[in-house]
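One structure is given here, and the rest of the page talks about it.
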Amino acid sequence: MENQNSDTFHRLASGVPGLDTVLAGGLTRDRLYLVEGEPGTGKTTLALQFLNEGVRQGERALYITLAETAVELRAVAASHGWDMAGIQIEEIIPDEDSLAPDQQYTIFHPSEIELGLTSQRIVAAVESAQPVRVVLDSLSELQLLADSALRYRRQVLALKQYLASRNCTTIFLDDRTALNTDLQVRSVAHGVITLDVMHQAYGGERRRLRVVKYRGIAFVGGAHDYRIATGGLHVYPRLVAAESRVSDVRLQLSSGLTELDQLLGGGLEEGMSTLVTGPAGSGKSTLAAQFVAAAGTRGERCAMFLFEESRNNLLNRCNALGMNLSGLMRAGQLTVQQIDPAELSPGQFSQAVVDAAGSGARVIVIDSLNGYMNAVPDERFMATYLHELLMYLGQRGVVTIVVSVQPGMLGQPPSSGVDASYIADNVIMLRYFEAQGMLKQAISVAKKRGSSHERTIRGFAVDGKGVHVGPVLQNFHGILTGVPRILPSVVPVTAEPPDN
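Be aware that the sequence shown starts at 0, since it is given in numbering that gives the first Met the number 0, and climbs by one per residue.
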């Protein structure tokens, strides 16, 4: 591997947000890169971003097109709000006269003439522009002109050597529409980037970028989500938690409720993830909001990501309970983002959470795990996605609270559809149970990694005054079954506040 620290000044910024992170610093100068993908994956847009970045850096930029016209390229640039004034465009497209029957070659094979003329025009354009950055669009047309695999490979290698001799950093585009896509071109390139689109049965398509090779550089491998919007491509690098450690110091954060802190052994430690699980309507989201409200009163920044409930509903409900989340938002201490899993890829969501942590959020709530599962196209990897995200947040000292809905109401064994031990350091369980003709609620801590906690079951309730955690339910036996027995000679205890 190259020494990446000393090599940094030999790199060029790609101009694509997030891509330089994947490439471990950008593109090595004076090298040839291949960007491949089917039509519609954003190759031209990426190439224009690369050239525009060069113009911003005061470098000469050249776009050589064998397919699209200059008018079409300017239309693409205009759709993103870009000015092409600083980019020289060289069209090498057959004109109408060359298509006339009397202009067709009869003695020599057309590929021998056309490929040679095309190469001469490419060299002439480079000599005239003296560019630092070059884009050749596309290899498919060059392959068709070559007519044979041997001639095509020789031409690509010759172009690579020539452009390197002119100190050009070059991107070749390949739409892979040729009948026989030559994978050996990858061996000629210094780096290869592949763009793919996956069409979903419902919702928007999912776009993935992969760096297939990058000689001498420890790039971030695997699939990285990206999107195309006004302004170009935006890449969301795959999260690698092992590279994110910041601090091992862990302080406890109070919930603002004495009884709940007692149950938790003092509160939630920094850098720990907590799964709040229970059936529908048991108060999971409200309990998570209680931690946010308590952090806000201490002047700490928080963020909430909602997959199910709308932001207005959450704010109205919590404000009615006296949590004043709207006030925290106005003060800039809380951000609440509503997520549409049909439109937002896992990479985009992870980046939004990472950005919140980077902005100083000490408490982050993901509500809910079930909604997050819908954002992951393949549920086999859902737990891995979430584990990496929670590990990253933990290593930055963030308290992360994940809400999970359990199926059923009474008597069902706790289940959230994932391995709670794998994704969460702490598990808070909310349960319903029947007692004296009423539906009661209970709260317990099933797990707290690295510290002690109460192994009791307490009463739990939510009313107009907020969240209430009551004393230990010593007068019941079998609460987790949903239909407990009331022990004799003990007065029933609930979490509701006493009547005045």
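Don't be surprised by glycine CBs; every beta carbon is placed ideally from N, CA and C.
This one's a predicted model, so the numbers in the text were calculated from it and none came from an experiment.
Taking 9 Å as the cut-off, the Cβ atoms of Lys-447 and Asn-425 count as close. From the listed residues Val-471, Thr-296, Glu-268, Met-271, the smallest Cα separation to Gly-255 is found for Thr-296. Under the 10 Å beta carbon count, Ala-360 is surrounded by 16 or more other beta carbons and is classified as buried. Per the coordinates, the alpha-carbon of Gln-405 lies some 20 Å from the alpha-carbon of Tyr-384. Put simply, the backbone Cα of Met-381 is about 25 Å away from that of Val-291. In this chain, the alpha helix (DSSP H) harbouring Met-390 covers 381 to 394. From the listed residues Gly-282, Asp-339, Leu-286, Ala-330, the smallest Cα separation to Arg-310 is found for Asp-339. The beta carbons of Tyr-213 and His-189 sit closer together than 9 Å. Cβ-Cβ separation between Leu-267 and Val-444: approximately 10 Å, too far for a contact (criterion under 8 Å). For Glu-90, there is no enclosing alpha helix (DSSP H); the enclosing beta strand (DSSP E) covers residues 86 to 90. For Phe-475, the beta-bridge partners assigned by DSSP are Ile-485. Annotated as distal: Tyr-225 and Val-133, with beta-carbon spacing of 9 Å or more. Segment contact: the stretch 150 to 163 against the stretch 12 to 23, fewer than three CB-CB distances shorter than 8 Å; contact not assigned. As the crow flies, the alpha-carbon of Gln-119 is around 38 Å from that of Ala-222. In the structure shown, the three-state DSSP call for Gly-326 is helix. In the structure shown, Phe-459 falls within a strand segment according to DSSP collapsed to helix, strand and coil.
Judged by beta-carbon spacing, Ile-86 lies within the 9 Å limit of Val-54, meaning their Cβ atoms are closer than that value. Secondary structure at Met-271: coil, using DSSP grouped into helix, strand and coil.
Annotation for Ile-363: the continuous beta strand (DSSP E) segment containing it runs 360 to 366. By alpha-carbon distance to Pro-487, the top candidate from Gln-473, Lys-283, Leu-238, Gln-394 is Gln-473. Apart from the 5 residues on each side of it in sequence, Ala-355 sits with its Cβ closer than 7 Å to the Cβ of Ala-302, Thr-334, Ile-363 in its chain, given in chain order.
Around the CB of Ile-442, 16 or more other CB atoms lie within 10 Å, so the residue is classed as buried. Here the alpha carbons of Leu-172 and Glu-37 stand approximately 10 Å from one another. Pairing Thr-20 with Arg-206 gives a Cβ-Cβ distance that is not under 9 Å.
Straight-line measurement puts the Cα of Leu-138 at about 10 Å from the Cα of Thr-64. As computed with DSSP, Lys-447 is found in a beta bridge with Asn-425. With respect to the C-alpha of Val-219, the residue from Thr-229, Pro-236, Trp-81, Glu-204 having the closest C-alpha is Pro-236. Counted as a single uninterrupted DSSP element, the stretch harbouring Lys-212 is not any alpha helix (DSSP H) but the beta strand (DSSP E) occupying residues 205 to 213.
For the options Gln-251, Leu-33, Gly-280, the alpha carbon positioned closest to that of Ser-272 is the one of Gln-251.
Ranked by how close their Cα comes to the Cα of Leu-31, the residues Thr-43, Leu-156, Thr-455 have Leu-156 in first place. For the pair Leu-479 and Leu-429, the Cα-to-Cα distance works out to about 10 Å. The residue from Arg-28, Tyr-161, Val-482, Thr-229 with its alpha-carbon nearest to that of Ala-124 is Tyr-161. As for any alpha helix (DSSP H) of minimum length 4 sitting wholly inside the stretch 264 to 322, the runs are 283 to 296, 310 to 319, ordered along the chain. Taking all protein chains in view, the Cβ of Gln-154 is crowded by 16 or more other Cβ atoms within 10 Å, so the residue is classified as buried. Taking C-beta atoms as the reference points, Gly-215 and Phe-306 fail to come closer than 9 Å.
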